[in-house]
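Everything in the sequence shown is counted per the numbering used here, starting at 45 for the first residue and increasing by one.
Read the structure below first, then the notes.
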Amino acid sequence: MSFQEFNLDTSVLSGVKAVGYTTPTPIQRQAIPSIMEGKDLLGLAQTGTGKTAAFALPIIHHLIRHAGTRKVRALVVAPTRELAEQIHQACSDLAQDTRVTSIAIYGGVSKIPQLKGLRRNPEIMVACPGRLLDLVGDGAIDLSGIEVLVLDEADTMCDMGFLPDVRRILKLVPTKRQTLLFSATMPADIRKLTADILHDPTTVQVDPIAPAKTVSHALYPVPEALKKGLLLALLEQTPTGRTLVFTRTKHRTKRLALDLANHKYRVASLQGNLSQNRRQQSMDGFRDGKFDILVATDIASHGIDVPDLSHVINFDMPDTADAYTHRIGRTGRALQTGEAFTLAVPDDRPMVRVVERVLNAKIERRRLPGFNYGDFNPEAQFPPDRSNQPQANGRHFGSNSGNRRPASGQATRRPGPAVRNSPGTPSVAGGPRPGYRQRPSGGHSQSA
Ligand code: AMP
């Protein structure tokens with residue numbers, strides 16, 4: 045399915061293209077048509093599923109197609125300023141080729157720039173409850189023109205004690221409106237809220253895909269220029285069995301496979317430019333043990349079922365948390381142990397946050413012992429994000445964590461303490477398994 049099938053305004057589709065989305069995520073497929081019909085919606089989904097675009101796209105479309113007042117017309121209420129900022133950014137990006145504008149309203153910063161922004165009459169407001177009510181009290185915000193109300197991460201708002209504020213906000217918006225409520229879990233308070241405010245809603249549920257419980261995760265901060273060197277050093281130091289390496293593009297897959305072959309690894313590649321025959325040869329060779337490493341784009345993350353896959357290495361950070369769990373899902377199958385390494389450049393910081401948020405865990409940061417990072421300091425990258433700590437029942441994904449995540453739908457969002465492993469931890473959990481291959485000394489081939 046493509047975004048064209050939603051009949052979104054062409055200026056909205058142009059924003060989708062500009063941000064680089066090609067295929068709608070499951071929640072987008074399910075939610076967009078119903079929201080475009082004007083129905084209320086209950087979305088049972090976490091951040092990382094693509095839910096922001098699932099509501100932002102039909103809202104932007106509605107604002108373009110239907111004339112309204114000069115007041116704020118769509119209100120998104122979110123629990124944290126990071127989330128509000130993120131949603132505002134997504135709305136701005138997706139509406140970049142339209143006249144629709146958005147504003148973020150949250151506390152902890154001066155009101156002045158927000159008051160200035162309000163004078164420009166943005167149609168979309170993404171707000172945290174406290175500052176929103178504060179500015180309504182000041183007479184700076186009028187919510188009587190709201191046509192669409194979105195309550196995002198309703199369970200988090202409930203956990204953070206915002207429900208009374210949310211109820212106050214509900215009294216300030218018109219009763220005749222469209223309401224969309226997103227929540228990862230359904231505690232009793234949220235169940236009651238949905239019953240009170242949603243009228244004949246469409247319910248869409250997108251389960252987060254749990255990564256295999258036996259996989260340990262590690263993040264290797266690295267500058268782009270040193271990525272290849274780090275991967276080679278990592279392969280050299282780590283007793284790996286069958287290893288799947290993911291890159292972002294077909295070209296990078298091809299290049300990296302050639303580079304690894306030049307370093308005497310038995311490597312194949314799998315990417316969309318190869319003929320079906322060549323793809324099959326790569327897969328068969330990888331399964332049969334002719335190749336130790338398969339370098340692939342995300343096309344490989346869905347269909348691959350290779351027994352004894354010991355390592356998944358994200359040479360490039362995936363674009364979505366779903367893609368991360370899909371990729372990682374290739375290892376640690378059938379209760380075998382596996383390791384997932386991610387090479388992360390400083391620009392990957394937002395995605396690291398999203399992945400950790402979805403996994404409800406903090407991924408262990410590592411420095412590869414003996415590797416020359418030059419003046420790059422891996423420990424200075426990806427500092428703990430206070431708004432995004434694993435919850436009290438959250439996990440720390442690392443070599444010794446056991447890394448079990450709560451069963452789907454059971455995550456709670458209460459803030460918990462930061463957990464951070466010291467860098468330099470030896471990179472292999474539990475030591476090599478029998479049959480693990482070190483870097484081979486001969487007999488190399490490559491099918492890139
Ligand atoms: P969200 O759950 O809305 O926070 O989205 C999680 C991540 O997925 C964000 O980085 C989005 O930019 C990205 N994303 C959303 N929709 C798509 C899509 N259709 N294709 C690729 N990435 C997407």
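From the three backbone atoms N, C-alpha and C, an ideal C-beta is built for every residue, glycine too.
- Distance from the C-beta of TYR65 to the nearest heavy atom of the ligand AMP is below 6 Å.
- Ranked by Cα distance from GLY112, the first of GLN90, GLU167, LEU86 is GLU167.
- Between the segment 239–252 and the segment 103–121, the count of C-beta pairs closer than 8 Å stays below three; the two stretches do not touch.
- Annotation: the continuous alpha helix (DSSP H) that includes GLU280 extends over 271–281.
- One Cα belongs to ILE337, the other to PRO422, and the distance between them is close to 26 Å.
- Where MET169 is concerned, the enclosing beta strand (DSSP E) starts and stops at 168–171.
- In this structure, the beta-carbon distance from ALA340 to LEU318 does not fall below 7 Å.
- With fewer than 16 neighbouring CB atoms inside 10 Å of its own CB, THR66 falls in the exposed class.
- DSSP places GLY87 inside the beta strand (DSSP E), whose first and last residues are 85–88.
- With distances taken between CA atoms, GLU126 lies nearest to GLY152 out of ARG211, GLY152, GLY418.
- Beta bridge pairing from DSSP links SER260 with GLU383.
- Residue LYS406 holds the alpha-carbon nearest to the alpha-carbon of PRO427 among LEU412, LYS406, ASP419, TYR417.
- Counting every other CB atom within 10 Å of its CB across the protein chains shown gives ASN404 a total of 16 or more, marking it as buried.
- VAL396 carries a helical assignment under DSSP once its states are collapsed to helix, strand and coil.
- Sorting PRO173, ASP178, LEU187 by C-alpha distance to the C-alpha of PRO208 places PRO173 at the top.
- For GLU129, the uninterrupted alpha helix (DSSP H) run begins and ends at 125–138, by DSSP.
- The ligand AMP never approaches LYS334 closely enough for any of its heavy atoms to be under 6 Å from the residue's Cβ.
- According to the DSSP secondary-structure assignment, ALA62 is paired through a beta bridge with no residue.
- 7 Å or more divides the Cβ of HIS132 from the Cβ of VAL194.
- Between the alpha carbons of PHE359 and GLU197 lies a distance of about 31 Å.
- ALA139 places its beta carbon less than 7 Å from that of ILE104.
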